[in-house]
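A.B. asks: The sequence shown begins at 1 in UniProt numbering and counts up one residue at a time.
The C-beta atom is built at its ideal place from N, Cα and C for all residues, glycine as well.
Just so you know, these numbers come straight off a predicted model, no measurement behind them.
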Amino acid sequence: MSSNSFAYNEQSGGGEAAELGQEATSTISPSGAFGLFSSDWKKNEDLKQMLESSKDSAKLDAMKRIVGMIAKGKNASELFPAVVKNVASKNIEIKKLVYVYLVRYAEEQQDLALLSISTFQRALKDPNQLIRASALRVLSSIRVPIIVPIMMLAIKEASADLSPYVRKNAAHAIQKLYSLDDNFIMHVSISRLSLDPEQKEMLIEVIEKLLRDKSTLVAGSVVMAFEEVCPDRIDLIHRNYRKLCNLLVDVEEWGQVVIIHMLTRYARTQFVSPWREDNGLEDNEKNFYESDDEEKEKSDKKRPYTMDPDHRLLIRNTKPLLQSRNAAVVMAVAQLYWHISPKSEAGVISKSLVRLLRSNREVQYIVLQNIATMSIQRKGMFEPYLKSFYVRSTDPTMIKTLKLEILTNLANEANISTLLREFQKATQRFPTEDELDLEAIMWRSI
Numbered sequence: 001m002s003s004n005s006f007a008y009n010e011q012s013g014g015g016e017a018a019e020l021g022q023e024a025t026s027t028i029s030p031s032g033a034f035g036l037f038s039s040d041w042k043k044n045e046d047l048k049q050m051l052e053s054s055k056d057s058a059k060l061d062a063m064k065r066i067v068g069m070i071a072k073g074k075n076a077s078e079l080f081p082a083v084v085k086n087v088a089s090k091n092i093e094i095k096k097l098v099y100v101y102l103v104r105y106a107e108e109q110q111d112l113a114l115l116s117i118s119t120f121q122r123a124l125k126d127p128n129q130l131i132r133a134s135a136l137r138v139l140s141s142i143r144v145p146i147i148v149p150i151m152m153l154a155i156k157e158a159s160a161d162l163s164p165y166v167r168k169n170a171a172h173a174i175q176k177l178y179s180l181d182d183n184f185i186m187h188v189s190i191s192r193l194s195l196d197p198e199q200k201e202m203l204i205e206v207i208e209k210l211l212r213d214k215s216t217l218v219a220g221s222v223v224m225a226f227e228e229v230c231p232d233r234i235d236l237i238h239r240n241y242r243k244l245c246n247l248l249v250d251v252e253e254w255g256q257v258v259i260i261h262m263l264t265r266y267a268r269t270q271f272v273s274p275w276r277e278d279n280g281l282e283d284n285e286k287n288f289y290e291s292d293d294e295e296k297e298k299s300d301k302k303r304p305y306t307m308d309p310d311h312r313l314l315i316r317n318t319k320p321l322l323q324s325r326n327a328a329v330v331m332a333v334a335q336l337y338w339h340i341s342p343k344s345e346a347g348v349i350s351k352s353l354v355r356l357l358r359s360n361r362e363v364q365y366i367v368l369q370n371i372a373t374m375s376i377q378r379k380g381m382f383e384p385y386l387k388s389f390y391v392r393s394t395d396p397t398m399i400k401t402l403k404l405e406i407l408t409n410l411a412n413e414a415n416i417s418t419l420l421r422e423f424q425k426a427t428q429r430f431p432t433e434d435e436l437d438l439e440a441i442m443w444r445s446i
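#1: By DSSP, does T427 sit in helix, in strand, or in coil?
#2: Rounded to a whole number of angstroms, what is the C-alpha to C-alpha distance between T427 and S417?
#3: Applying the criterion that 16 or more other CB atoms from any shown protein chain within 10 Å of the CB defines a buried residue, is K125 buried or exposed?
#4: Which residues in the same chain as N86 place their Cβ atom closer than 8 Å to its Cβ, once the five residues preceding and following it in sequence are excluded?
#5: Return the first residue and the last residue of the alpha helix (DSSP H) that T401 is part of.
#6: When you compare the segment 316-323 with the segment 248-258, are there three or more beta-carbon pairs, one atom per stretch, that lie closer than 8 Å?
#7: Taking 9 Å as the CB-CB limit, is A158 close to chain D?
#8: Would DSSP call Q270 helix, strand or coil?
#9: Relative to the C-alpha of V144, which candidate in S159, P164, T119, E108 has its C-alpha closest?
#10: Taking just the CA atoms, how far does S221 sit from L402?
#11: Is L314 near V330, with beta carbons less than 9 Å apart?
#12: With distances taken Cα to Cα, identify the nearest neighbour of D250 among T216, A106, L79, M262.
#13: Give the C-beta separation of F226 and L211 to the nearest angstrom, bearing in mind that I take them to be a contact with Cβ-Cβ under 8 Å.
#14: Starting from the C-beta of T367, find all residues in its chain whose C-beta is less than 8 Å away, skip the five residues before and the five after it, and write them out in chain order.
#15: Among R361, I376, M307, which residue has its Cα nearest to the Cα of M398?
#16: Helix, strand or coil, according to DSSP, for V223 in the structure here?
#17: Output the residue ranges of the alpha helix (DSSP H) runs that lie fully inside the segment 88-142 and measure 4 residues or longer, sorted by chain position.
#18: Nearest-angstrom Cα distance between L203 and I146?
#19: Is the distance from the Cβ of I237 to the Cβ of L336 below 9 Å?
#20: Between which two residues does the alpha helix (DSSP H) carrying Y365 extend?
#21: Could you say if the segment 72-79 and the segment 115-133 meet the contact criterion of at least three C-beta pairs nearer than 8 Å?
#22: Decide if S57 is buried, meaning its Cβ has at least 16 other Cβ atoms within 10 Å, or exposed.
#23: Taking the alpha helix (DSSP H) that R167 belongs to, which residues open and close that run?
#24: I'd like the span of the alpha helix (DSSP H) that includes Q335, first residue to last.
#25: Since I believe Y165 is in contact with A135 (beta carbons under 8 Å), could you give me their beta-carbon distance rounded to a whole number of angstroms?
#26: By Cβ distance, which residues of its chain are closer than 8 Å to V138, with the 5 residues on each side in sequence left out?
#27: Going by beta carbon distance, what residues of the same chain come within less than 6 Å of D161, once the five residues before and after it are set aside?
#28: Can you give me the C-alpha to C-alpha distance between E345 and M152, rounded to a whole angstrom?
#29: As a quick exercise: from L322, K243, Q110, E157, pick the residue whose alpha carbon is nearest that of K351.
#30: Mind checking whether Y178 and K200 have CB atoms under 9 Å apart?
#31: Throw me the rounded Cβ distance for the N409 and S375 pair, which I believe falls under 8 Å.
#32: Assuming H339 contacts R268 (C-beta within less than 8 Å), just tell me the rounded distance between them.
#33: Short of 6 Å in beta carbon distance, which residues of its chain neighbour K379, apart from the five on each side in sequence? Order them along the chain.
#34: Beta-carbon within less than 8 Å of P384's beta-carbon, same chain only, minus the 5 sequence neighbours each way: which residues are those?
Printed below as a string of structure tokens:
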């Protein structure tokens, strides 16, 4: 690029037009727009030349514009060869932006990324934690079986890194590596792939190590890796159960969702259900003579239920999360309470679920589906919030139908007259094509 052209980009404010790849207009002098916007094949040519400049200021400006393109959803993949050359830049700001770009496009441009793999390996030792983490993310995005040994070593070293951010990315890399079928496959069956036990065991060892990590930044990511790689290894959770319960409130929101789902599954298999009813045989089904063993079993069944302290710990530590701003967290806690809390305590979830009905329609739909299911078994939980399920004229048909189903489930002698009046009003708000469905719901409630 000529010096005049470069001056145009830095001084005349033509960077935005270059970023968009527009052609030069008649207002731009020929000398100022030399070779930049003359044709489509020269698109982003100025950015490529700026990346090859000897000046860090030009490279930094180019990388900022490229990252801006990515943020706007524009395709910048054609710049990969020019960007990857700067991965070894000594300027930390340039290097950060280069890794932002590489994390986005390394999986699409694997062949070109492989050419710089030695640079990525060196970056794993970089003093800056962001560079170390980004290098690991780029390596795990190069989904080529040949680099699996390199990745295994990188993950193992990153899991012992002093930075919790790097350890968090090590947990994410485990999931990516585990999904690299081509290298792990020993044989292929029609329905399932068999994984290399030795390599899988190495990943499990890293997961076991990260599960002992005390950082809240790591907890959600490693539990996600656990659920992906070895969800049946409950023994790994035994040792870390109390720590996970105590860390839960301080974990980031989406990590909370993953951990709560895992702990719900754990609690349902490891603790006695607090609302299991006496499942003894009827009198006419019992043996005429009862053995001593049967008498002992009978007395055990009549023994009052005492909740395990670890069971109580989980219920107590998840209760504050019912106030979370994240609907997924609230739904996860509601599911946990529904399955593992005593019936007398499960009612606390109803207020939080009703609060979510003020969210957008997509969240409303999911919440109402769950309430419709819950209200079949436990009407008392949602009866105090009957008015929250009244149909509004602005509700879409799916929301209206679910609300009417819930009202039907909550119907009893005390509120049936109120509900019938509400059904009558709802009939006027429904379009003609939905009247038959509405009538069916109404008749079911009656």
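C.D. replies: Short version:
#1: Of the three classes helix, strand and coil, the one that applies to T427 here is helix, per DSSP.
#2: Whole-angstrom Cα-Cα distance: 16 Å.
#3: So K125 counts as exposed.
#4: Within the same chain, and ignoring the five residues on either side of N86 in sequence, the residues whose Cβ sits closer than 8 Å to its Cβ are L51, K59, M63, I94, K95, V98.
#5: Residue range 397-410 is occupied by the alpha helix (DSSP H) that includes T401.
#6: Segments in contact, yes.
#7: Any reference to chain D falls outside this structure, which holds one protein chain only.
#8: Helix, per DSSP.
#9: From the listed residues S159, P164, T119, E108, the smallest Cα separation to V144 is found for E108.
#10: In this structure, the straight-line span from the alpha carbon of L402 to that of S221 is close to 35 Å.
#11: No, Cβ-Cβ distance for L314 and V330 is not below 9 Å.
#12: When the alpha-carbon of D250 is set against those of T216, A106, L79, M262, the nearest one is in T216.
#13: F226 to L211, Cβ: 7 Å. Contact.
#14: This sequence places Val at residue 367; Thr is not what is there. For V367, where only same-chain residues beyond five positions count, the Cβ hits under 8 Å are A327, M331, L353, L356, L357, S359.
#15: Of the listed residues, the one whose Cα sits closest to M398 is R361.
#16: V223 falls in the helix class under three-state DSSP.
#17: Fully enclosed alpha helix (DSSP H) runs of 4 or longer: 92-105, 110-114, 117-123, 129-141.
#18: One alpha carbon belongs to L203, the other to I146, and they sit about 17 Å apart.
#19: Result no, Cβ atoms of I237 and L336 do not sit closer than 9 Å.
#20: Here the alpha helix (DSSP H) through Y365 covers 361-377.
#21: Below 8 Å, too few C-beta pairs join the segment 72-79 and the segment 115-133 to call them touching: fewer than three.
#22: By the neighbour-count criterion, in which a residue is buried when 16 or more other Cβ atoms sit within 10 angstroms of its Cβ, S57 is exposed.
#23: Counting along the chain, the alpha helix (DSSP H) containing R167 begins and ends at 164-178.
#24: That run of the alpha helix (DSSP H) goes 327-340.
#25: Between A135 and Y165 the beta-carbon gap is near 13 Å, outside 8 Å, which marks them as no contact.
#26: Cβ neighbours of V138 beyond the five flanking positions: Y99, L102, V103, A106, A113, F120.
#27: Only R167 meet the Cβ criterion.
#28: Roughly 46 Å separates the two Cα atoms.
#29: Comparing Cα positions, the closest option is L322.
#30: Contact: yes.
#31: Their Cβ separation, rounded to whole angstroms, is 4 Å, which keeps N409 and S375 in contact under 8 Å.
#32: Right, their Cβ atoms sit about 6 Å apart.
#33: Excluding sequence neighbours, K379 sits near L410.
#34: These residues qualify, in order along the chain: S350.
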